[in-house]
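The structure appears below as C-alpha cells.
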Amino acid sequence: MTDASEATAALSPGARPGGGEAARHDAAWRMILRAFVANKLALTGLIMVVAVALFCFAGPLFWHTNQVSTNLLEVNKPPSAAHPLGTDDLGYDVLGRLMAGGQSSLAVGFAVALVATMLGVLYGVISGFAGGVTDAALMRFVDIVLAIPVVYLFIDLASEFKPTLGLLIVVLALLSWLGPARLVRGETLSLRVREYVQAVRTMGGRSGRIIVRHLVPNTAGTIVVNATFQVADAILTLAVLSYLGFSLPPPTATWGGMLENGVNFLYDGYWWEIYPAGLMIVLTVVAFNFIGDGLRDSLDVRLQRR
Amino acid sequence: MITYIIRRVGQAIIVLAGVTLIVFILQHLLPGSIARAIIGPRATALQIAAFNRQYGLDRPLPLQFASFFGQLLRGNLGYSFKQNMSVDAIVLHDLPNDMLLVGVSLVLALLIAIPVGILQAVRRNQLADYAATGISFVLYSMPSYLLGLLLIALFAVRLRLLPAEAPQQPTITGVLSDPAGLVLPIATLTLVTCALFSRYMRSSAIDSLAQDYIRTARAKGLRQTAILSRHLLRNSLIPVVTLVGISLPGILTFGLIVEQLFNFPGIGLAYFNAAVNGDYPVVFGVTVLVALATVLGNLFADIAYAVLDPRVRYD
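Top to bottom, those sequences are chains A and B.
According to my numbering, the first sequence is numbered sequentially starting from 139.
According to my numbering, the second sequence is numbered sequentially starting from 3.
Below is the structure:
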C-alpha cells in the first residue's frame, strides 16, 4: 500500500523525494487504529492494558495509602475492610502497594521498549542499508551480545550495584535492542533494492533521507509489533531480576519485589502477599502479548521469534 | 555444503572470542579488585600488590586477555580462590545433575509440545486449540519462578505430596536416590519450556498442513492418522531441531531460576552462590561456558537443518 503511494508520488511532476510526510504519518496511525478495531485479541489486550494503567495511576487518587513509611503495628494482616488485600510484613497496604508497584513496573516496561526500539531500529537500518563488510561486522557484534547470558550477568551486577530507575532502564534497554536490530536489518535488506528507493536515489535523495523517510516508515509494522512484545518482555525480566535480587531499593515498590518478598510467607498461608502481585504481572504481560499477537496478524507482519 | 559449515564454524569462533573479550572487560570494569575480594577488605596495598604479582594480575591487560583466552582454548575456565578448586572441577562436578534436569525436562517438553502443536493445527480454532493456546499464553507470560512457587504451594504445602526441595545430596547418584525431590523442579522446567515451544509448534504444523504433499497424501486416500504420523509429524520435526538450538539460552536461564528456587545442586546454583559471594572466576567461567553452549546450540541447529532438509540452500 505504502509502496504504491510512494511510487505515484515519485512519478508525479514536482514531487520531492519523500514528500507528504504528514499524510503518511497520519496513515500509519490510522493503519494501527484500524488493526486494533479489526482484531478482537488486540482490542482485548488494549482494554486490559488501559484498565491496569488506570488502576495503577488513577487508583491512588481514590485509595490513599502510605507507601513510604512502614507501620509495624499493622503487619501481615489478612484482608479486611480497612485493607481489602491485607498488609505485608512491613505494614504496607497491599492494594495500595500493587498500584505503586504497577507504576514503576509499567514505567520501566514502556521506557525500555521505547529506548530499545529506537536503538535497535537505528542500528538495524544502518546495518542493512550499508550492507557488505559493515553489515557483517555489525551483525557479528549482535551475535556476540546475544550469546552473553543476560540474567546471569544481572546476578553479578546485583552483588555490586543497587540500581536506580534510570540505571535499570538503561541496562535493560542495552540488552533488549538486539531483537529489533535483527528484524529491522532483515527488512531493510529487502527494502533497499525496491524500485521506489532507487527512484529516490536517481532524484538525488541522499542516504540519510532514504533511511529516515523511506526505510524506517516502511518497517513501521514490524517495529510496532516488536515494541509491544518488548514491553511484555521488559516487565517479565524486571520481575525475574527482582526475584534474583537486582531491583529498586525500598521503599520503591515493584510487582516482582512484592512477589519475592511474599515468597517468605508461603508456609504461613499469607496468600495476599503472594498471589495478587503475581496475578498483576501475568495479566499485564498477557495483555501486551495479546496486543502484539493481534497487531501482528492485522498488520500481516512476519516475526520469526514468536 | 562443506563451505557453508566451515563459514558457520568460523563465525562461531569469532563470536566466542568476542564474548570472551566482553566478559574479560566486564571483569575489569567491576568495582573492587579480585585481590580485595579474596584477601579481605582490610588488606594492605602491599598485600594486594603481592597477590596481583603472584597471579599475574599486574601485567598489561592485553597480555592478561591473551593468557585468559589461551587458557580457555585449552579448556581451563579459571581457578576459584574462594573454594580452592578449579572452575573446571566445580563445573564437572555439577554437570551430570544439570544434564539430568535440563535433559529430562527438554525431552518431556518435546514429547508434550509436538503432539499438542499438531493437535492444535488439526483442530484449528476449535475448543481444544483455544484451551491449549490459552494455557501456553499464561505459562509464557508468567515469571518462571512464579510457576514453581504455585507448584510448591499446591503439591508441597497444601497437598503434602511432594517435597518442596530438590535432592540435597550433591552427587548424581545422590540426586537419583531421591526421585520424589526431582518431580517439582523437572515439572517446572518442563512446563516453561513447553510454553516456549508450543506456540512455535502450532504455527509450524499449520504451515505443514497447507503443503502440497499433505494434499497428495489425502488425494491418494490415506487415513488421517497415517497422514499425521507419517507425513505431518516427520516434517514438523525438522524445525524442532532449530527450535531446540535457539531456545537453549532461554532454557538455561530458566534452569538457573529453577535451581535457585528448589535449591537444586547444579551449575546454575553454583553460579548464583558464586555471584553473591564475589567468587569472580566461577562467575566468569560459567558465563563463558553458557555463551559457548548458546553458540554451539545455534551452530548445531543451522548445520542440522541444512543436513536434514535438502531444500535448504547454502550459498
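Cβ atoms here follow ideal geometry from the backbone N, Cα and C, with glycine treated the same way.
Keep in mind it's a predicted model, so treat the numbers as computed, not measured.
(1) Considering only residues of the segment 33-105 of chain B, which uninterrupted alpha helix (DSSP H) runs meet the minimum length of 4 residues and lie entirely inside it, listed in chain order?
(2) Just to confirm my understanding: we take Tyr202 of chain B, look at its own chain, exclude 5 residues before and 5 after, and list those with CB closer than 7 Å. What are they?
(3) For a cutoff of 7 Å on Cβ pairs, would you count Tyr147 of chain B as touching chain A?
(4) Quick one: Cα of Gln241 of chain A to Cα of Phe195 of chain A, how far?
(5) Looking at the unbroken alpha helix (DSSP H) that takes in Trp410 of chain A, where does it start and where does it end?
(6) Quick one: which chain A residues come within Cβ less than 7 Å of Ala293 of chain B?
(7) If you pair each beta-carbon of the segment 97-116 of chain B with each one of the segment 199-214 of chain B, do three or more pairs fall below 8 Å?
(8) Would you check if the segment 96-116 of chain B and the segment 183-192 of chain B touch, i.e. whether three or more CB-CB distances between them fall below 8 Å?
(9) Does DSSP put Asp231 of chain A in a helix, in a strand, or in coil?
(10) Once DSSP output is grouped into helix, strand and coil, what is the label at Thr272 of chain A?
(11) How is Thr5 of chain B classed by DSSP in three states: helix, strand or coil?
(12) Between Pro151 of chain A and the rest of its own chain, which residues show a CB-CB distance below 8 Å, the 5 nearest in sequence each way excluded?
(13) Under 7 Å between beta-carbons, which chain A residues line up against Ala2 of chain B? List them in chain order, please.
(14) Can you tell me the Cβ-Cβ gap for Phe279 of chain A and Thr326 of chain A, rounded? I've got them flagged as a contact below 8 Å.
(15) Which whole runs of the alpha helix (DSSP H) in the segment 181-226 of chain B are 4 residues long or more, in chain order?
(16) Within 10 angstroms of its Cβ, does Ser385 of chain A collect 16 or more other Cβ (buried), or is it exposed?
(17) Please determine if the segment 246-256 of chain B and the segment 297-309 of chain B are in contact, where contact requires at least 3 C-beta pairs separated by less than 8 Å.
(18) Consider the Cβ of Asn427 of chain A: report whether some Cβ of chain B lies at a distance smaller than 7 Å.
(19) Within 7 Å (strictly less), CB to CB, does Asp273 of chain A reach chain B?
(20) Please check if any C-beta of chain A sits within less than 7 Å of the C-beta of Thr190 of chain B.
(21) Of all the residues that make up the segment 168-191 of chain A, which are near chain B by a beta-carbon distance shorter than 7 Å?
(22) Relative to the C-alpha of Leu263 of chain B, which residue among B:Ala212, B:Asp180, B:Pro169 is closest?
(23) Enumerate in chain order the residues of its own chain whose CB-to-CB distance from Thr289 of chain B is below 7 Å, with the five nearest sequence positions on each side excluded.
(24) Answer with buried or exposed for Ile27 of chain B, where buried requires no fewer than 16 other C-beta atoms within 10 angstroms of its C-beta.
(25) Identify whether Thr225 of chain A lies in helix, strand or coil by the three-state DSSP scheme.
(26) Exposed or buried, which one is Trp167 of chain A when buried takes at least 16 other CB atoms within 10 Å?
(27) Taking 7 Å as the threshold (C-beta atoms), are Ile174 of chain B and Pro98 of chain B in contact?
(28) Does the beta-carbon distance from Ala268 of chain B to Asp131 of chain B come in below 7 Å?
(29) Which class does Thr22 of chain B belong to by DSSP, given the choice of helix, strand or coil?
(30) Excluding the five sequence neighbours on either side, which residues of its own chain have a C-beta within less than 6 Å of the C-beta of Phe83 of chain B, listed in chain order?
(31) Output needed in chain order: residues of the segment 365-382 of chain A with a Cβ under 8 Å from some Cβ in chain B.
(32) Taking a contact to mean a Cβ-Cβ separation below 7 Å, would you say Leu75 of chain B touches Asp90 of chain B in this structure?
(33) At a threshold of 6 Å, does Glu167 of chain B count as lining the ligand MN (C-beta to nearest heavy atom)?
(34) Does Leu333 of chain A pass the burial test, meaning 16 or more other C-beta atoms within 10 Å, or should it be called exposed?
(35) Taking Cβ to Cβ, would you say Leu254 of chain B is nearer than 7 Å to Glu261 of chain B?
(36) How about the segment 366-385 of chain A and the segment 240-255 of chain A: do they share at least three Cβ pairs that are nearer than 8 Å?
So, from the listed chains and residues:
(1) 36-41, 47-56, 63-75
(2) Leu245
(3) yes
(4) 7 Å
(5) Run containing Trp410 of chain A: none; DSSP gives neither H nor E here.
(6) Ala285, Ile286, Pro287
(7) yes
(8) yes
(9) strand
(10) helix
(11) helix
(12) With a pLDDT of only 44 at Pro151 of chain A, under 50, the local geometry of the prediction cannot be trusted, and no value is derived from it.
(13) Nothing can be reported for residue 2 of chain B, as the shown portion of chain B is limited to 3 through 317.
(14) About 17 Å separates the two Cβ atoms, so there is no contact after all.
(15) 181-211, 214-221
(16) buried
(17) yes
(18) yes
(19) no
(20) no
(21) none
(22) B:Pro169
(23) Val25
(24) exposed
(25) strand
(26) exposed
(27) yes
(28) Note that residue 268 of chain B is Gly in the sequence shown here, rather than Ala. No.
(29) helix
(30) Ile40
(31) Ala370, Leu374, Ala377, Val378, Tyr381, Leu382
(32) no
(33) Absent from the structure shown: the ligand MN. Ligands present: none.
(34) Correcting the residue identity first, residue 333 of chain A is Glu in this sequence and not Leu. That one is exposed.
(35) no
(36) yes
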